[in-house]
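First the structure, in the form of structure tokens, and then the observations on it.
Residue numbers (our numbering): 238 to 309.
Following this line, the structure appears as structure tokens:
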């Protein structure tokens, strides 16, 4: 697969790269500024929750991550 200048890789290409590189596909998707499918589905199911989370400051996000099992 060839990437033209200014174009981001497709999710299919990222999936293949993750396999070849033994890398975390979700992290590669995020680095390519793409939202992984499971997260996209939850945003569509609960946009109200994601609107609230998007407005939290870093301190509030860190507290949320500590409370709900994140590494932040």
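Where a beta carbon is used, it is the ideal one built from N, C-alpha and C, also for glycine.
Whole-Å CB distance - residue i paired with residue j, under 8 Å assumed
| i | j | result |
| --- | --- | --- |
| residue 248 | residue 278 | About 14 Å; that fails the 8 Å criterion. |
Assigned exposure category for residue i - 16 Cβ within 10 Å defines buried
| i | result |
| --- | --- |
| residue 258 | exposed |
| residue 309 | Residue confidence for residue 309 is low, a pLDDT of 43 falling below 50, so the modelled location carries little weight; the figure read from the coordinates is stated next. Exposed, since its Cβ has fewer than 16 Cβ neighbours within 10 Å. |
| residue 265 | buried |
Cut-off 7 Å between Cβ atoms - residues of its own chain near residue i, not counting five sequence neighbours on either side
| i | result |
| --- | --- |
| residue 262 | 251, 252 and 255 |
For residue i, the nearest candidate out of the options (CA to CA)
| i | options | result |
| --- | --- | --- |
| residue 245 | 305, 264 and 269 | 269 |
8 Å CB neighbourhood of residue i in its chain, flanking five on each side removed
| i | result |
| --- | --- |
| residue 293 | 301 |
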